[in-house]
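To start, the structure itself, in structure tokens.
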Amino acid sequence: MAAAGSEFYLEGLVLLGGALVAAPIFKRIGLGTVLGYLAAGIVIGPILRLITDGEEILHFAELGVVMLLFLIGLELKPKRLWKMRRDIFGMGSAQVILTGAVLSSVVYLLANQDFGSSIIIGMGLALSSTAFALQLLGENGDLNTGYGQKSFSILLLQDIAIVPLLALIPILAPFQSGADGTPLIDAAIAVAAIAALLLAGKYLLNPLFSLIASTGAHEAMIAAALFVVLGAATMIGLAGMSMALGAFLAGVMLAESSYRHELEADIEPFRGILLGLFFMAVGLSLDLRILIDNLGLILLCVPLLLIVKAAVLYALTRLFGSSHNDSIRIAALLPQGGEFGFVLFSAAVTAGIFEQGIASILVAVVTLSMALTPILSALSKRLMHDAPDEEMEEDFEGAGADVLIIGFSRFAQIAAQVLLAGGTDVTIIDHSAERIRAAGRFGFRIYFGDGTRKDVLIAAGIERAKIVAVTTQKKEITDQVVDLVQNEFPDTKLYVRAYDRAHTLSLRARGVSYELRETLESGLVFGRKTLEALGSSEDWASEVEDMIRKLDEERLALQAAEGIYAGAEKVLTRPVIPEPLIKPKDKKDRPEPPEGEGPTGKKHKKSKGTHEELSGQA
565 MAAAGSEFYL EGLVLLGGAL VAAPIFKRIG LGTVLGYLAA GIVIGPILRL ITDGEEILHF
625 AELGVVMLLF LIGLELKPKR LWKMRRDIFG MGSAQVILTG AVLSSVVYLL ANQDFGSSII
685 IGMGLALSST AFALQLLGEN GDLNTGYGQK SFSILLLQDI AIVPLLALIP ILAPFQSGAD
745 GTPLIDAAIA VAAIAALLLA GKYLLNPLFS LIASTGAHEA MIAAALFVVL GAATMIGLAG
805 MSMALGAFLA GVMLAESSYR HELEADIEPF RGILLGLFFM AVGLSLDLRI LIDNLGLILL
865 CVPLLLIVKA AVLYALTRLF GSSHNDSIRI AALLPQGGEF GFVLFSAAVT AGIFEQGIAS
925 ILVAVVTLSM ALTPILSALS KRLMHDAPDE EMEEDFEGAG ADVLIIGFSR FAQIAAQVLL
985 AGGTDVTIID HSAERIRAAG RFGFRIYFGD GTRKDVLIAA GIERAKIVAV TTQKKEITDQ
1045 VVDLVQNEFP DTKLYVRAYD RAHTLSLRAR GVSYELRETL ESGLVFGRKT LEALGSSEDW
1105 ASEVEDMIRK LDEERLALQA AEGIYAGAEK VLTRPVIPEP LIKPKDKKDR PEPPEGEGPT
1165 GKKHKKSKGT HEELSGQA
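Numbering (the working numbering), first residue to last: 565 to 1182.
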């Protein structure tokens, strides 16, 4: 028992060490972490033979795929899908179906495979690498360009397509004699399982997360997130369908949930390490002898795959209105095989559709095609016309908002209304379950999340936000958020709600883009309205307000240089205009300042006492 445990820990140490070395190296040289994990698995398994049970590790690591499908589901908001429907469901569907049909036909006619194997191989090779493509788009700053958005639409449909493709595997799997049930009963069980999952998602999930969030137990929130993902996957798996499909459906059901960003942040670390383990397990499972024996076939298949996919992509994008240059860019960006191909091929081997040897050849083809992607993307510039294409300036709809508001206080509620009325979309996060429920009753759309956590901010789209508005109620929390954003996202503009004068001075010292004391403007407006009620004209009252605002700013400048008690002479403790002997009964009887003089043209009396009590925190 102890020996088995020791072996388990040793294998874990070897895998983590391999990932630690390979992933950063491959990332640095521009090949991406996926190839790094694959390379680490090949070195650890087939070459050095440090781990020989790659199949067992692969079964465990498939949980990473399950969590990846859950996160994909979380991103699929109905509004976003509707906005991009033509590119996603039109161009994206056409690419998968047409490319898959061509490649399946080639495999069926030339590779002597049966119908089921040909379909899975062709469709698996039709999927491109989301990780590689988005990495290249991000590095080149092309995510928001016309071709970047079309590429993203195709990749999104491909990510969605993996769900029905995985569900197709049990149908194409060889018939197993002795199996219980009939196709009709199996279909009824599947429908019942999906219906039960949808009902649970609609009526149970949000109340569950609301209850847990109200307790403040973050560990319980993580446990609940994992429970939902694995529970949904298990339910659908027991019904005879892909576990990934269950996780995907759970993600879609929570895409509009207030707890979406928190869930995304909680699941992401598990997804990352398990998915990395999955790719390493794929490398562990490769048979080098088969690869060496079929090296010629692999070297023939790689350019064939690239040419077929590039040709289909160019033709389709031109058909859907893209320019020549954009079509060339897309064709050079997405011709490779993708990480979901590994997932599909692994599932096909498990189901007995084809042997592990064929899967090893396919993995090698996909891996080489992925490695060639940066080179193809660079060479594609030679095929472009000289005239630059027009680029789109707008951000992806649904991929993040221009303004990220942290803390949905009363202060933030008013500010959010101004932004929404001005046509600016906002993403709002708050860590109070009660406040989220209350805001929902008034139609506000906010997400549950802790703004002091980097992973939550990333999930909420801080990397795409133009301004981060920190409107939390406690200055300690505000300071934590400000420090985090400035350290991790130094180029982000910070607009911050200040608690008092000392807090304002502290924020200015930190170099925030804009700060405002929570009571300043309301106090000024209140005083101006009171003056008007006592008989002063609107112009005079406004001038007094402006004077006080100017004096306050001058005092802040002195306090920043000399300390909190500096600028006491800027505090008005006596009226600017002498009180009349008899209180006027009518507005017209109220004394006005001399013609041509504003309030600053009058000298005011100083207080008989000291100003220390008044100069502190207002």
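All residues carry an ideal CB built from backbone N, CA and C; glycine is no exception.
Closest by C-alpha distance to A760, when choosing among R1092, A796, A1029 and R946: A796
A658 to L880 span [Cα, whole Å]: 8 Å
Nearest to G847 (by Cα), restricted to the options H888, S910 and G815: S910
Opposing strand residues paired with A979 [DSSP bridges]: Answer by DSSP bridge pairing: none, since A979 is not bridged.
Inter-residue spacing [alpha-carbon to alpha-carbon] between G780 and D1064: Their Cα atoms are separated by approximately 28 Å.
Same chain, Cβ closer than 6 Å to Q1037, five either side skipped, listed in chain order: S973
Please confirm whether Y601 and G840 have their CB atoms less than 8 Å apart. yes
Just the Cα atoms here: how many angstroms apart are K766 and M817? 7 Å
Mapping the DSSP letters down to three states, classify L612 as helix, strand or coil. It is coil, neither helix nor strand.
CB of S985 within 8 Å of CB of I969, strictly: Before going on, a small fix: residue 985 reads as Ala here, not Ser. Not in contact: A985 and I969 (Cβ atoms no closer than 8 Å).
When we look at the beta-carbon of S717 and count the other beta-carbons within 10 Å, is it buried (16 or more) or exposed? Residue environment analysis places S717 among the buried positions, since at least 16 neighbouring C-beta atoms fall within 10 angstroms of its C-beta.
Strictly by DSSP, which residues pair up with I970? I993 and V1034
Let me make sure I understand the geometry here. Which of F975, A808 and Q713 has the alpha-carbon closest to that of K647? Nearest to K647 by alpha-carbon distance, out of F975, A808 and Q713, is Q713.
Would you check if the distance between the CB atom of L870 and the CB atom of L936 is smaller than 8 Å? yes
Ends of the alpha helix (DSSP H) at A1185? The structure shown has nothing for residue 1185, since the chain only spans 565 to 1182.
How is Y573 classed by DSSP in three states: helix, strand or coil? Helix, per DSSP.
Could you compute how far the alpha carbon of M785 sits from the alpha carbon of L1048? 22 Å
CA-to-CA distance, L1120 to F834, given in whole angstroms: 48 Å
When the Cβ atoms of the segment 583–595 are set against those of the segment 805–814, are three or more pairs found closer than 8 Å? no
Is L689 helix, strand or coil when you go by DSSP? In the displayed model, L689 falls within a helix according to three-state DSSP.
Tell me the DSSP secondary structure of V1076 in three-state form. coil
Leaving out five residues on either side along the sequence, give the residues of the same chain with a beta carbon under 7 Å from the beta carbon of A1130. L1122 and Q1123
To the nearest angstrom, how far is the alpha carbon of A963 from that of L635? For A963, the predicted model reports a pLDDT of 35, less than 50, meaning its position is unreliable; a value from the coordinates is still stated below. Rounded to the nearest angstrom, the two C-alpha atoms are 14 Å apart.
Helix, strand or coil for Y767 per DSSP? Y767: helix per DSSP, three-state reduction.
Three-way DSSP call (helix, strand, coil) for L802 in this model: helix
C-beta contact flag for E1219 and F842 at 8 Å: Because the chain is modelled from 565 through 1182, residue 1219 falls outside the range shown and cannot be assessed.
Count the other CB atoms within 10 Å of the CB of I856; is the residue buried (16 or more) or exposed (fewer)? exposed
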